[in-house]
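From first to last, the protein sequence lines stand for chains A and B.
For reference, each letter of the first sequence is one residue, going 1 to 294 in the working numbering.
For reference, each letter of the second sequence is one residue, going 295 to 588 in the working numbering.
2 protein chains.
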Amino acid sequence: MREYVTTKQEINKNSLPYNLYQKAKKFGIWNPVDIDFTQDKEDWKKLNEEQQLEVLTQFAQFIGGEEAVTQDILPMIMAVSKKGWFEEESYLTTFLFEEAKHAEFFSLFLEEIGVKDDLTHLLTPGYRKLFDETLPAVMGRLIEDQSPEAMIDAAVTYNIFAEGVLAETGYWFFHEALSSANLFPGFISGIRNVKRDEGRHIGFGTFLIQRLISENPELELFERVQQRLQELLPIAMMLTEGKEDKQVTSLGIERGKSMEFAMKQLQARLTVLSRAKGKTLEEIYNTDIALEEV
Amino acid sequence: MREYVTTKQEINKNSLPYNLYQKAKKFGIWNPVDIDFTQDKEDWKKLNEEQQLEVLTQFAQFIGGEEAVTQDILPMIMAVSKKGWFEEESYLTTFLFEEAKHAEFFSLFLEEIGVKDDLTHLLTPGYRKLFDETLPAVMGRLIEDQSPEAMIDAAVTYNIFAEGVLAETGYWFFHEALSSANLFPGFISGIRNVKRDEGRHIGFGTFLIQRLISENPELELFERVQQRLQELLPIAMMLTEGKEDKQVTSLGIERGKSMEFAMKQLQARLTVLSRAKGKTLEEIYNTDIALEEV
Chain A
1 MREYVTTKQE INKNSLPYNL YQKAKKFGIW NPVDIDFTQD KEDWKKLNEE
51 QQLEVLTQFA QFIGGEEAVT QDILPMIMAV SKKGWFEEES YLTTFLFEEA
101 KHAEFFSLFL EEIGVKDDLT HLLTPGYRKL FDETLPAVMG RLIEDQSPEA
151 MIDAAVTYNI FAEGVLAETG YWFFHEALSS ANLFPGFISG IRNVKRDEGR
201 HIGFGTFLIQ RLISENPELE LFERVQQRLQ ELLPIAMMLT EGKEDKQVTS
251 LGIERGKSME FAMKQLQARL TVLSRAKGKT LEEIYNTDIA LEEV
Chain B
295 MREYVTTKQE INKNSLPYNL YQKAKKFGIW NPVDIDFTQD KEDWKKLNEE
345 QQLEVLTQFA QFIGGEEAVT QDILPMIMAV SKKGWFEEES YLTTFLFEEA
395 KHAEFFSLFL EEIGVKDDLT HLLTPGYRKL FDETLPAVMG RLIEDQSPEA
445 MIDAAVTYNI FAEGVLAETG YWFFHEALSS ANLFPGFISG IRNVKRDEGR
495 HIGFGTFLIQ RLISENPELE LFERVQQRLQ ELLPIAMMLT EGKEDKQVTS
545 LGIERGKSME FAMKQLQARL TVLSRAKGKT LEEIYNTDIA LEEV
């Protein structure tokens, strides 16, 4: 027999996931079709071929990534739902909706600036490793396995690494290369919304990991988080490595800077997560650490 | 290797699922926390015990149902995603979000009128049969099996039967018993939004079935739809049967009337579906039949 949560008890309104869910219903409903890309179309023509390729490479990775994670978050929603965590499940429905919307946003932008080429070849080996192998494997496992270990691995890979390190590094690129040069105002306004949505996603992942660490003190899950991130490090190296020797890219980004930024992000995430051990679930539920960036 | 849709091609903006997705982004973002239940609380006190029980029985079934289907739609999103149907997947992310929101809506209403009892015992055997056994089985199968037959069975059970027949009959009850008597204005305003969301859900299910029938003419899928509905009929009988002999319920609903309404709904759905055979996918994509109620 199925267990029903909502026929038995009220929603826990003090819980962090419910809080994130409420924020998502307010801020996560922006609509990509409302964005005006008129100036972006003009800006696109101003870039030389090398610069266009540099932008397109970032775009291809983002759009493919958003499409991939829309698929990959599904087993996590299933896992949370099987556990009867109604507040978490409610929040994750907005998370999924937002991922699809992000893919739509990038797709509409490419259409508006007139790029009709197949960009699949711009997905690099490091990227393929993460999105074709690592992520589907660690997320797909949740369909059968809702153990704390499986859920920790999933949240670290998806929320902390893919969103908290890689996507954040992508936003940093867009800021450094485009926003600073006053290029693509429509795109930049959309990316602000994407970044805010992702702030909630990372907040959720951080909360979930903290919850699991706190509820299972005997499992040494923080050590597992560290180990998992260690395993992901080579992928981060592959992803941020440039193919060329030039010290500065066509858009003026210093090589090595994005890796530096990525590592700083990673360190910040680890510091937050290291504080979870020994805390009660109530303390974690009521924390606002995870809401820092929302 | 994963197949990426969005790095290769533009969104098909003429497709019905994209159309539904756009509508959902406009109309499916209403927020249950914005509803004022002040008068509803007063109205609740006006009902006698028998009437309260009649309302609560409907509520328990709705809230449990919304919670259940939030879980059960996940394998369908997975199936559609595995097929690379990006427009369908995008739409279904809004569908999932809406189901969670409906469960929240019913939960907030119960909290506001001050009902704190465990309502699980009000879930009837017919209900348990459908939501504990039939739906999870037919939907769960989609995790492994994305055949046209499996998808047809899922869409018929979930969209045509649970949403198109049962939920619609529930709205009919709320209208007959509550709205007509000018009771529960907050609830009724919310249920209007729920019903509109569900109109899109049923529209999607109808489209999906039509698509599958049209793409697989050799499989006699319309016959399968009819057969599946035949199998579900006993559950419909169990669900609409009254426990008592009284001809009129405490809220003035004539026994037999809801069964009559349910059967009318079912017939209307079948008529629409019977038209799909022999049509091309383009004809179905461009139809507005499925949008009738949105």
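For each residue, glycine too, the CB sits at the ideal point set by N, CA and C.
Would residue 208 of chain A count as contacting chain B if we go by Cβ distances under 7 angstroms? Start at 1 with the first residue of the first sequence, and residue 208 of chain A comes out as number 208. Any Cβ of chain B closer than 7 angstroms to the Cβ of residue 208 of chain A would place that residue at the interface, and such an atom is absent.
Which residues in chain A sit within 7 angstroms of residue 319 of chain B, going by Cβ to Cβ distance? For the purposes of this step, residue 319 of chain B is identified with residue 25 of the second sequence, where counting begins at 1. Those within 7 angstroms of residue 319 of chain B in chain A are 31.
Starting from the beta carbon of residue 120 of chain A, find every residue of chain B whose beta carbon is closer than 8 angstroms, and list them in chain order. Numbered from its first residue, the first sequence carries residue 120 of chain A at position 120. Here the neighbours are 298, 301, 302.
Look at the alpha carbon of residue 266 of chain A and the alpha carbon of residue 168 of chain A, and state the distance between them as a whole number of angstroms. Counting from 1 along the first sequence, the entry for residue 266 of chain A is found at position 266. Counting from 1 along the first sequence, the entry for residue 168 of chain A is found at position 168. Approximately 10 angstroms, taken between the alpha carbons.
Whole-angstrom distance between residue 529 of chain B and residue 125 of chain A, CA atom to CA atom: Counted from its first residue, the first sequence places residue 125 of chain A at position 125. Counted from its first residue, the second sequence places residue 529 of chain B at position 235. Rounded to the nearest angstrom, the gap between the Cα atoms of residue 125 of chain A and residue 529 of chain B is 52 angstroms.
For residue 505 of chain B and residue 383 of chain B, what's the separation of their Cα atoms in angstroms? Residue mapping note: residue 505 of chain B aligns to position 211 of the second sequence, counting from 1. Residue mapping note: residue 383 of chain B aligns to position 89 of the second sequence, counting from 1. Straight across, the Cα-Cα distance linking residue 505 of chain B with residue 383 of chain B is about 15 angstroms.
Given a cut-off of 7 angstroms on the beta-carbon distance, is the pair residue 402 of chain B and residue 326 of chain B in contact? As a first step, residue 402 of chain B must be located in the second sequence, where it is residue number 108. As a first step, residue 326 of chain B must be located in the second sequence, where it is residue number 32. For residue 402 of chain B and residue 326 of chain B, yes; Cβs fall inside 7 angstroms.
Run the proximity test for residue 480 of chain B: is its beta-carbon closer than 6 angstroms to any non-hydrogen atom belonging to the ligand FAD? Questions concerning the ligand FAD fall outside what the structure shown contains, since it holds no ligand whatsoever.
Against chain B, with Cβ distances strictly below 7 angstroms, would residue 53 of chain A count as a contact? Residue 53 of chain A sits at position 53 when you count from the first residue of the first sequence. Residue 53 of chain A does not count as touching chain B.
Contacting residues, own chain, Cβ-Cβ under 6 angstroms from residue 98 of chain A (five flanking each side not counted): Residue 98 of chain A sits at position 98 when you count from the first residue of the first sequence. Setting aside the 5 residues that flank it on each side, residue 98 of chain A is surrounded in the same chain by 28, 197, each with a C-beta closer than 6 angstroms to its C-beta; the list follows chain order.
Spell out whether any CB of chain A is found under 7 angstroms from the CB atom of residue 357 of chain B. The count along the second sequence starts at 1 and reaches residue 357 of chain B at position 63. Residue contact with chain A for residue 357 of chain B: present (Cβ-Cβ distance below 7 angstroms to some residue of chain A).
Span separating the alpha-carbon of residue 499 of chain B from that of residue 430 of chain B: As a first step, residue 499 of chain B is located in the second sequence; it is residue number 205 there, counting from the start. As a first step, residue 430 of chain B is located in the second sequence; it is residue number 136 there, counting from the start. The alpha-carbon atoms of residue 499 of chain B and residue 430 of chain B are separated by roughly 17 angstroms.
Once DSSP output is grouped into helix, strand and coil, what is the label at residue 588 of chain B? Position 294 of the second sequence, counted from the first residue, corresponds to residue 588 of chain B. Model confidence at residue 588 of chain B stands at a pLDDT of 46, short of 50, so the residue's coordinates are unreliable and nothing is read from them.
Those runs of the alpha helix (DSSP H) which lie wholly inside the stretch 347 to 404 of chain B and span at least 4 residues: Assignment of alpha helix (DSSP H) within the stretch 347 to 404 of chain B, counting only whole runs of 4 or more residues, yields 368 to 376 in chain order.
Which residues in chain B sit within 8 angstroms of residue 123 of chain A, going by Cβ to Cβ distance? Translated into the one-based positions of the first sequence, residue 123 of chain A becomes position 123. Within chain B, the residues near residue 123 of chain A are 298, 301.
In three-state terms, what does DSSP make of residue 548 of chain B? Residue numbering aside, residue 548 of chain B sits at position 254 when the second sequence is read from its first letter. Here DSSP, grouped into helix, strand and coil, assigns residue 548 of chain B to strand.
Please check if any C-beta of chain A sits within less than 7 angstroms of the C-beta of residue 555 of chain B. What you label residue 555 of chain B is simply residue 261 of the second sequence in a count that begins at 1. Judged by the 7 angstroms Cβ criterion, residue 555 of chain B is not in contact with chain A.
Short CB-CB distance (under 7 angstroms) between residue 390 of chain B and chain A: Looking up residue 390 of chain B in the second sequence gives position 96. True, the Cβ-Cβ gap to chain A drops below 7 angstroms.
Residue burial classification, residue 101 of chain A (beta-carbon count within 10 angstroms, cutoff 16): Position 101 of the first sequence, counted from the start, is the residue given in the question as residue 101 of chain A. Buried, since its Cβ has 16 or more Cβ neighbours within 10 Å.
Residue 488 of chain B, enclosing alpha helix (DSSP H) - first and last residue: Stepping through the second sequence from its first residue, residue 488 of chain B is reached at position 194. Element bounds for residue 488 of chain B: 479 to 509.
Compare the C-beta of residue 71 of chain A against all C-beta atoms of chain B and say whether one is closer than 7 angstroms. Position 71 of the first sequence holds residue 71 of chain A. When Cβ-Cβ separations below 7 angstroms define contact, residue 71 of chain A makes contact with chain B.
Looking only at its chain, what residues have a beta carbon closer than 7 angstroms to the beta carbon of residue 67 of chain A, apart from the 5 residues adjacent to it on each side? Along the first sequence, one-based indexing puts residue 67 of chain A at 67. Answer for residue 67 of chain A: 103, listed in chain order.
Have a look at residue 42 of chain A and residue 35 of chain A and give me their C-alpha separation to the nearest angstrom. Along the first sequence, read from residue 1 onward, the residue named residue 42 of chain A stands at position 42. Along the first sequence, read from residue 1 onward, the residue named residue 35 of chain A stands at position 35. Distance between residue 42 of chain A and residue 35 of chain A, taken at the CA atoms: about 15 angstroms.
Tell me whether residue 542 of chain B sits in a helix, a strand or coil according to DSSP, three-state version. Here residue 542 of chain B refers to the residue found at position 248 of the second sequence. Strand at residue 542 of chain B.
Alpha carbon to alpha carbon, what distance is there between residue 497 of chain B and residue 588 of chain B? For the purposes of this step, residue 588 of chain B is identified with residue 294 of the second sequence, where counting begins at 1. For the purposes of this step, residue 497 of chain B is identified with residue 203 of the second sequence, where counting begins at 1. Note on residue 588 of chain B: pLDDT 46, under 50, position unreliable in the model; the coordinate value appears next. Their backbone Cα atoms lie some 8 angstroms apart in a straight line.
Which of the three DSSP states is assigned to residue 563 of chain B in this structure? Here residue 563 of chain B refers to the residue found at position 269 of the second sequence. Helix, per DSSP.
Using a threshold of 7 angstroms, state whether the C-beta atoms of residue 51 of chain A and residue 214 of chain A are closer than that. If you number the first sequence from 1, residue 51 of chain A lands on position 51. If you number the first sequence from 1, residue 214 of chain A lands on position 214. No, the Cβ-Cβ distance between residue 51 of chain A and residue 214 of chain A is not below 7 angstroms.
What separation, rounded to the nearest whole angstrom, lies between the Cα atoms of residue 271 of chain A and residue 442 of chain B? The residue given as residue 271 of chain A occupies position 271 in the first sequence. The residue given as residue 442 of chain B occupies position 148 in the second sequence. Those two C-alpha atoms are separated by around 49 angstroms.
Against chain A, with Cβ distances strictly below 7 angstroms, would residue 529 of chain B count as a contact? The residue given as residue 529 of chain B occupies position 235 in the second sequence. Not one beta carbon of chain A lies nearer than 7 angstroms to the beta carbon of residue 529 of chain B.
Beta-carbon proximity check, residue 47 of chain A vs residue 91 of chain A, cutoff 7 angstroms: Locating residue 47 of chain A in the first sequence gives position 47, where the first residue counts as 1. Locating residue 91 of chain A in the first sequence gives position 91, where the first residue counts as 1. Taking 7 angstroms as the Cβ cut-off, residue 47 of chain A and residue 91 of chain A do not qualify as a contacting pair.
Is any beta-carbon of chain B found at less than 7 angstroms from that of residue 179 of chain A? Walking along the first sequence from the start, residue 179 of chain A turns up at place 179. Contacts with chain B at 7 angstroms (Cβ-Cβ) do not include residue 179 of chain A.
Counting only C-beta atoms, is residue 565 of chain B closer than 7 angstroms to chain A at any point? The residue you call residue 565 of chain B lines up with position 271 of the second sequence. Interface criterion not met: the Cβ of residue 565 of chain B is under 7 angstroms from no Cβ in chain A.
Along the alpha helix (DSSP H) that carries residue 578 of chain B, what are the first and last residues, could you check? Residue mapping note: residue 578 of chain B aligns to position 284 of the second sequence, counting from 1. Taken as a continuous stretch (DSSP letters only), the alpha helix (DSSP H) holding residue 578 of chain B covers 575 to 579.
Note down, in chain order, each residue of its chain lying with its Cβ closer than 6 angstroms to the Cβ of residue 130 of chain A, except the 5 sequence neighbours on either side. The residue labelled residue 130 of chain A in the question sits at position 130 within the first sequence. Non-local beta-carbon contacts of residue 130 of chain A in its own chain, meaning distances under 6 angstroms to residues more than five positions away in sequence, involve 235 in chain order.
7 angstroms Cβ cut-off: residues of chain A touching residue 426 of chain B: Taking the first residue of the second sequence as position 1, residue 426 of chain B is located at position 132. Neighbours of residue 426 of chain B in chain A, taken as residues whose beta carbon is under 7 angstroms from its own, are 1, 2 in chain order.
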